[in-house]
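Just so you know, the sequences run in chain order A and B. Quick note on numbering: UniProt numbering labels position 204 of the first sequence as 204, and the sequence is numbered without any gaps. Quick note on numbering: UniProt numbering labels position 22 of the second sequence as 22, and the sequence is numbered without any gaps. Quick reminder that beta carbons are idealized off the backbone N, C-alpha and C, glycines included. Every value quoted in this text rests on a predicted model; they were computed, and no experiment measured them. Reading through the structure tokens given below for one structure.
Protein chains: 2
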Amino acid sequence: MKGISIKDIAQQAGVSPTTVSFVLNGKGKEKRISEQVSKRIMKIAAKLKYKPNQLARGLRTGKTKTIGLIVEDIANSFFANVAKVVEDEADKYGYKVLFGSTEDNEEKAKGLLEVLRYRQVDGYIITPTLNLDKEIASLQKPVVLMDRYFPNVEDFNYVVVDNFQGAYTAVSHMVDQGYKKIAIITTSSTQIQMQLRLDGFVQALKEHDLPAGKNMIKRLAFDLDRPGFIQEITKYLQHNTDLDAIFFATNYLGICGIESIRGLKLQIGKDLGMVSFDDHDIFRLHSPSITCVAQPVEEIGRRLIQLLIEELDNNSVTRAHVVLPLELRKRESTMMRMK
Amino acid sequence: MKGISIKDIAQQAGVSPTTVSFVLNGKGKEKRISEQVSKRIMKIAAKLKYKPNQLARGLRTGKTKTIGLIVEDIANSFFANVAKVVEDEADKYGYKVLFGSTEDNEEKAKGLLEVLRYRQVDGYIITPTLNLDKEIASLQKPVVLMDRYFPNVEDFNYVVVDNFQGAYTAVSHMVDQGYKKIAIITTSSTQIQMQLRLDGFVQALKEHDLPAGKNMIKRLAFDLDRPGFIQEITKYLQHNTDLDAIFFATNYLGICGIESIRGLKLQIGKDLGMVSFDDHDIFRLHSPSITCVAQPVEEIGRRLIQLLIEELDNNSVTRAHVVLPLELRKRESTMMRMK
DNA sequence: CTGAAAGCGCTTACAG
DNA sequence: CTGAAAGCGCTTACAG
């Protein structure tokens, strides 16, 4: 059970632990340890397969080389894909990732922050829930927000996508394709990313002089389960038979939307056009395939780590607000309008 | 930056750090600390929002309350879903999860083990790559394997599914549905879980007196990317036009299979039946929907943590080999045979 | 060129 | 009933 410690090496090399520490941390030259001694120490360390105890090091230095990643739901493909990139990128800098899912629940998020805090993580990547700004501000460590941010708080780094532009682009594309009565199905969340998607939707309708009244906007409680979403969407579609296209504000709404529309025996693209926010394997493979505005997952992950590492390494406190564009992926669900 | 330590509380309470430690660890009674003192300490700790430094505690006790989770690919929906359950379950016992993806690459896996080891994780859940048994055996901490195991090594706990039965069931179902020339598309991996799926496939064919020759088995290099898989599958199908059904041995092969078959303008279910190992949102939503044998993700996650915690808490060293059944989900891809 | 010593924040065996 | 002290394995300011 007991591992090799610096003491063991010191003993075998006939020097002090101090010297071993210097050499192993590459400070041999700086501290003017003789070549001989350095080599001897290195050799012994290698032979014994010495691995520094990160706990002890962390306790002493205050650095754990660990990043806390808080997402909404690690099982959701968007977050899982970002997590993968984050993991890879963090690894390049010697950091490991502790993760947790909030389910977008405030209390769960606070619990996660608390746990990560007393595990002394060096920095955080956080998909915040509502009202989490105070908690985050008290973290005293580098933080980068993802997916959403606090519109009233300038003081956090973040990497998000241009939700307004994404929604606007999606809806304009539908208009170009000949759809005229376009509704949005979104969640009841008042968070900024959802608000901006709604704003982009409304703006696009207005600019094209299309009806943008209340019944073109359907908000669903975001704590429903899949059958609940499907039921609600189905009901809405049944009561609004004059619609000719739907913009779904998240990928899971889009997926539930497909099931709802098919349940009603309507043909996607022909009877009812659709675009979803956020891509998903399903959208590419479904027939008809589903048009979407896709998030640049790779770049999101890379920028998150890049910002975090910058602050971690340089101790610089630059505030960066990164807003990445979305990409419209035109597919069959908006290509089959019979006009 | 500096947090509240046990010393601060001791000072304010006018007692020693020892006493504070006893009280805060619920050993007040056992150590016969007076009610008065205990209450005073608790109150001060609460007021100061004291959080024990896990690093220091870990250094002293050798326990970090951290589990290392090594999967093949956290972005793959199966592993992402298991990770979610593992996270939730671990949380119930006060454990956090450090994760990493191996890409089924031996060297990457070894690197991960090394990192987790010197971060002193208390236990491991590992999706092993080939030849990782020596490394794992040297871990000196509780380990539970998932998804696959080492057939020659009895000494590890594991939670897997009954791959043989799953493949056998899938193929038998196809036979029942009237398909007669059934091929398997699998990877070139020689790992046990893939071998058993192949064995189950062959066994089912033999029992039904169906051709089970070499050209009914297509193995693909597992390091191909998506277009590579699609190209290879397409080529295989073009050269074997007499097949009437395919069993795909993993969900990503199934997904690529859908694309390949559609690229060839064949109708799934009618021209070519298909079943995939492992369910996926896509299979449920695709039209036609895709029959699969599904893994019990929830139960896998629960059993993994249960086994690990058992060993962690009781220090018991029971060897448990859990083999869970798969569930055949009959869908349209095996329902449309014209006979 | 090298080392003794202090200290990070805990826990626990020992002493009284 | 309570506390002084040692120690987990490191790093680093200080001394020589």
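Residue-level contact check: Asn314 (chain B) does not touch chain A, since none of the beta carbons of chain A fall below 8 Å from its beta carbon.
In chain order, Lys65 and Ile67 place their CB closer than 6 Å to the CB of Tyr95 (chain A), counting only its own chain and leaving out the 5 sequence neighbours on each side. The beta-carbon separation of Asn163 (chain A) and Gln193 (chain A), rounded to 5 Å, stays under the 8 Å limit for a contact. Boundaries of the alpha helix (DSSP H) around Leu59 (chain B): Gln54 to Thr61. Look at the region 199-224 of chain A and you find these whole runs of beta strand (DSSP E), each 3 residues long or longer: 217-220. Closest in C-alpha terms to Val71 (chain A), from the list A:Ala109, A:Pro211, A:Ile268 and A:Arg57, comes A:Ala109.
Taking 8 Å as the cut-off, the Cβ atoms of Lys330 (chain A) and His208 (chain A) do not count as close.
Residue contact check for Ser21 (chain B) against chain A: no CB pair falls below 8 Å. Taking CB atoms only, Asn53 (chain A) has a neighbour in chain B less than 8 Å away. The contact set of Ser5 (chain A) on chain B, defined by CB atoms closer than 8 Å, is empty, because the minimum CB distance reaches about 12 Å. Within the DSSP secondary-structure output, Met194 (chain B) pairs in no beta bridge.
The alpha-carbon of Leu312 (chain A) is positioned some 14 Å away from that of Gln120 (chain A).
DSSP places Tyr149 (chain A) in no alpha helix (DSSP H); its state is neither H nor E. Within the region 70-95 of chain A, the complete alpha helix (DSSP H) runs of at least 4 residues fall at 77-92. Under a criterion of Cβ atoms nearer than 7 Å, the residues of chain A adjacent to Ala80 (chain B) are, in order, Ile74, Ala75 and Ala80. Under the Cβ distance rule, Ser287 (chain B) counts among the residues neighbouring chain A, one pair being separated by less than 8 Å. Bounds of any beta strand (DSSP E) do not take in Ser38 (chain A); it lies within the alpha helix (DSSP H) bounded by Glu35 to Leu48. The three-state secondary structure of Asn251 (chain B), taken from DSSP, is helix. By the rule that beta-carbons nearer than 8 Å mark a contact, Asp147 (chain B) does not touch chain A. For Phe99 (chain A), the closest of A:Val153, A:Tyr124, A:Gln231 and A:Ile230 by C-alpha to C-alpha distance is A:Tyr124.
Apart from sequence neighbours up to five positions away, the residues of its chain that approach Arg226 (chain B) with a beta-carbon distance below 7 Å are Cys256, ordered along the chain. Secondary structure at Glu311 (chain B): helix, using DSSP grouped into helix, strand and coil. Rounded to the nearest angstrom, the gap between the Cα atoms of Asp278 (chain B) and Ile126 (chain A) is 31 Å. Taking 7 Å as the cut-off between beta carbons, the residues of the region 276-303 of chain B near chain A are Asp281, Ile282, Leu285, His286 and Ser287, in sequence order.
Distance from the CA of Met274 (chain B) to the CA of Ala137 (chain A), rounded to the nearest whole angstrom, comes to 53 Å. Between the C-alpha atoms of Lys7 (chain B) and Val20 (chain B) there is a straight-line separation of about 8 Å. For a cut-off of 8 Å, the C-beta gap from Ile305 (chain A) to Ala90 (chain A) is around 6 Å, short enough to register as a contact. Close partners of Ile258 (chain A) in chain B (Cβ separation under 7 Å): Leu285.
No residue range can be given for Val317 (chain B), since it is assigned to no beta strand (DSSP E) and is classified by DSSP as neither H nor E. Relative to the Cα of Ser38 (chain A), the nearest Cα in the group A:Lys49, A:Phe22 and A:Arg57 belongs to A:Phe22. Rounded to the nearest angstrom, the gap between the Cα atoms of Val159 (chain B) and Leu224 (chain B) is 28 Å.
By the Cβ test, the region 42-50 of chain B is not in contact with the region 32-48 of chain A, since fewer than three Cβ pairs between them sit closer than 8 Å. The shortest C-alpha to C-alpha distance from Val115 (chain B) to any of A:Ala320, A:Ile261 and A:Lys51 is the one to A:Lys51. Contact fails between the region 72-81 of chain B and the region 55-64 of chain A, because fewer than three Cβ pairs, one in each stretch, are under 8 Å apart. In the DSSP assignment, no residue is bridged to Ala13 (chain B). With its beta carbon less than 8 Å from one in chain A, Lys84 (chain B) belongs to the interface.
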